[in-house]
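Enquirer:
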Ligand SMILES: C[S@@+](CC[C@H](N)C(=O)[O-])C[C@H]1O[C@@H](n2cnc3c(N)ncnc32)[C@H](O)[C@@H]1O
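Residue numbers (this note's numbering): 1478 to 1870.
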């Protein structure tokens, strides 16, 4: 009877959870595939049939890695905290020797080493000894990765309830306290906070500077302004690489003060100037023909990122260059880094988000920049580089 009361031409709404959009051919194919993959009998068959067995095993292992990934990270944390890679860099050692060096009971040392072997961090050697594995060897003395691994304790705590985080129901997160400028009400930045996050950024900065310097020839410029330049670590790398460039940096006052000290200590005071201020409230210094934004935009919402780009545009002369360097979403081969890792890291931190090169290009256009182009970097996982120009006069 209720149906009779409906206007005759009103179509029945789709069942709850189903989009009103008609199913495409691809949707139908995917629905068939999904039913097949969820079917226990098919799963058993695929695991036994010689042609599907490798795929079934690879998929099962991939799924298990997602389920267990947080444990792997904690195994790495234990290795880093115990300085296991540095100890193994001295040469292969037995379980008893390692247990003593790491101050672990033999059972604990054995458990850690077995886990680290399974993750390719450590390798079994002859005579029951252990040496560095292919993933452990590059970590020897790598303070940047060690600092990130330690720092992840805060992210780990914030991700305990990911659904609350996504719904915006979380209490103030550990990362929002760590990066006080990233929220809607940044508040005052204390020297202590500035020192803590600036040191973390400095530790990983050389990896990023290497990518930028390999991707873009700075020697064609006269004066570079690094906006959100942290302690000046990027400027120091630029100074060593491009001796004739004049250098300026701009950051929040407590950070700029640290940069001033660092640049002076590096003997760069005559050619490098650090300016303190906020790019939301204060004009950027003028005089540079290239402005760099290195790992700055992804910390902020679209509206704020646009405001930063507009400030950079005002600081540049006609035809001036803007260089944006940061890890980007949708980087081929590193998709999980942009959308999963940075997606959730930046959510825990505040309002930032990782953007694809296309998203950033759109923002650059909205800020009045032209001729945006993505430059290839040797290790796009660490950073990608986009260059654009202020319109000519
Ligand atoms: C993620 S860090 C990147 C630092 C450096 N560019 C690097 O790659 O190592 C972002 C930087 O932006 C600075 N920043 C944040 N908000 C700012 C603001 N309103 N004005 C100026 N700098 C700001 C921070 O102090 C910090 O140094």
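Glycine included, C-beta positions come from ideal geometry on N, C-alpha and C.
What's the call for residue 1737, buried or exposed, on a 16-neighbour Cβ count within 10 Å?
Expert: As a working note, residue 1737 is residue 260 in the chain shown. Flag for residue 1737 reads buried.
Enquirer: Pick out whichever of 1676, 1604, 1701 has its Cα sitting closest to the Cα of residue 1768.
Expert: Numbered from its first residue, the chain shown carries residue 1768 at position 291. Of 1676, 1604, 1701, the residue nearest in Cα terms is 1701.
Enquirer: Specify, as a first and last residue, the run of the beta strand (DSSP E) that residue 1802 falls within.
Expert: For this step, residue 1802 is matched to residue 325 along the chain shown. Start and end: 1798-1803.
Enquirer: In three-state DSSP terms, what is residue 1838?
Expert: As a working note, residue 1838 is residue 361 in the chain shown. In the structure shown, residue 1838 sits in a helix (DSSP, three-state: H, G or I).
Enquirer: Just tell me which of 1519, 1766, 1726, 1746 has its CA closest to the CA of residue 1755.
Expert: Translated into the one-based positions of the chain shown, residue 1755 becomes position 278. Of 1519, 1766, 1726, 1746, the residue nearest in Cα terms is 1726.
Enquirer: Nearest-angstrom Cα distance between residue 1473 and residue 1709?
Expert: For residue 1473 there is no data in the structure shown, the boundaries of the chain being 1478 and 1870.
Enquirer: Where do the ends of the beta strand (DSSP E) carrying residue 1848 lie?
Expert: Working through the chain shown from its first residue, we reach residue 1848 at position 371. 1847-1852 is the extent of the beta strand (DSSP E) around residue 1848.
Enquirer: Taking DSSP as the reference, what is the three-state secondary structure of residue 1772?
Expert: Here the question's residue 1772 lines up with position 295 in the chain shown. Reduced to three states, the DSSP call for residue 1772 is coil.
Enquirer: For residue 1600, does the three-state DSSP call read helix, strand or coil?
Expert: What you label residue 1600 is simply residue 123 of the chain shown in a count that begins at 1. Residue 1600: strand per DSSP, three-state reduction.
Enquirer: Could you check whether the Cβ of residue 1820 sits closer than 6 Å to any heavy atom belonging to ligand 1?
Expert: As a position in the chain shown, residue 1820 is number 343, starting the count at 1. Checking every heavy atom of ligand 1 against the Cβ of residue 1820, none is found closer than 6 Å.
Enquirer: Sorry if obvious, but does the Cβ on residue 1707 come closer than 6 Å to a heavy atom of ligand 1?
Expert: On the chain shown, position 230 is the one that residue 1707 refers to. For ligand 1, at least one heavy atom lies less than 6 Å from the Cβ of residue 1707.
Enquirer: Any chance the region 1591-1608 sits against the region 1629-1642, with 3 or more Cβ pairs inside 8 Å?
Expert: No: the two stretches stay apart, fewer than three of their Cβ pairs being nearer than 8 Å.
Enquirer: As a quick exercise: from 1555, 1857, 1515, pick the residue whose alpha carbon is nearest that of residue 1537.
Expert: Along the chain shown, one-based indexing puts residue 1537 at 60. Closest option to residue 1537, Cα to Cα, is 1515.
Enquirer: Can you give me the C-alpha to C-alpha distance between residue 1703 and residue 1773, rounded to a whole angstrom?
Expert: As a first step, residue 1703 is located in the chain shown; it is residue number 226 there, counting from the start. As a first step, residue 1773 is located in the chain shown; it is residue number 296 there, counting from the start. Roughly 10 Å between the two C-alpha positions.
Enquirer: Going along the chain, which residues of its own chain have a beta-carbon closer than 6 Å to the beta-carbon of residue 1788, five neighbours each way excluded?
Expert: What you label residue 1788 is simply residue 311 of the chain shown in a count that begins at 1. Here the set comprises 1756, 1761.
Enquirer: How about residue 1772: is its Cβ closer than 6 Å to a heavy atom in ligand 3?
Expert: Only ligand 1 can be found as ligands here, which leaves ligand 3 out of the picture.
Enquirer: Rounded to whole angstroms, how far is the Cβ of residue 1539 from the Cβ of residue 1572, which I believe are closer than 8 Å?
Expert: Taking the chain shown and counting its residues from 1, the one referred to as residue 1539 is at position 62. Taking the chain shown and counting its residues from 1, the one referred to as residue 1572 is at position 95. With 8 Å as the limit, residue 1539 and residue 1572 do not qualify as a contact, their Cβ atoms being about 31 Å apart.
Enquirer: When you compare only the Cα positions, how much space is there between residue 1698 and residue 1758?
Expert: By 1-based counting over the chain shown, the position of residue 1698 is 221. By 1-based counting over the chain shown, the position of residue 1758 is 281. One C-alpha to the other measures close to 27 Å.
Enquirer: Relative to the alpha-carbon of residue 1562, which residue among 1528, 1613, 1828 has its alpha-carbon at the smallest distance?
Expert: Here residue 1562 refers to the residue found at position 85 when the chain shown is read from its first residue. For residue 1562, the nearest C-alpha among the options comes from 1613.
Enquirer: Going by DSSP in three states, residue 1693 sits in which element: helix, strand or coil?
Expert: In the chain shown, residue 1693 corresponds to position 216, counting from 1. If DSSP states are grouped into helix, strand and coil, residue 1693 belongs with coil.
Enquirer: Quick one: what does DSSP say residue 1619 is sitting in, helix, strand or coil?
Expert: Sequence index remark: in the chain shown, residue 1619 carries index 142 (1-based). If DSSP states are grouped into helix, strand and coil, residue 1619 belongs with coil.
Enquirer: Alpha carbon to alpha carbon, how far is residue 1481 from residue 1546?
Expert: For the purposes of this step, residue 1481 is taken as the residue at position 4 of the chain shown. For the purposes of this step, residue 1546 is taken as the residue at position 69 of the chain shown. Only weak support exists for where residue 1481 lies, its pLDDT of 38 falling under 50; the coordinates are left without a value.
Enquirer: Can you give me the start and stop residues for the alpha helix (DSSP H) that residue 1826 sits inside?
Expert: On the chain shown, residue 1826 is found 349 positions in, with the first residue counted as 1. Counting along the chain, the unbroken alpha helix (DSSP H) around residue 1826 starts and ends at 1820-1826.
Enquirer: Is it buried or exposed, residue 1665, if we count other Cβ atoms within 10 angstroms and call 16 or more buried?
Expert: Numbered from its first residue, the chain shown carries residue 1665 at position 188. Under a 10 Å Cβ-count criterion, residue 1665 is classified as exposed, with fewer than 16 other Cβ atoms of the shown protein chains found around its own Cβ.
Enquirer: In this structure, does DSSP put residue 1520 in helix, strand or coil?
Expert: Here residue 1520 is taken as the residue at index 43 of the chain shown, counted from 1. Reduced to three states, the DSSP call for residue 1520 is helix.
Enquirer: Can you give me the start and stop residues for the beta strand (DSSP E) that residue 1607 sits inside?
Expert: Within the chain shown, residue 1607 is the residue found at index 130, counting from 1. First-last of the beta strand (DSSP E) with residue 1607: 1606-1609.
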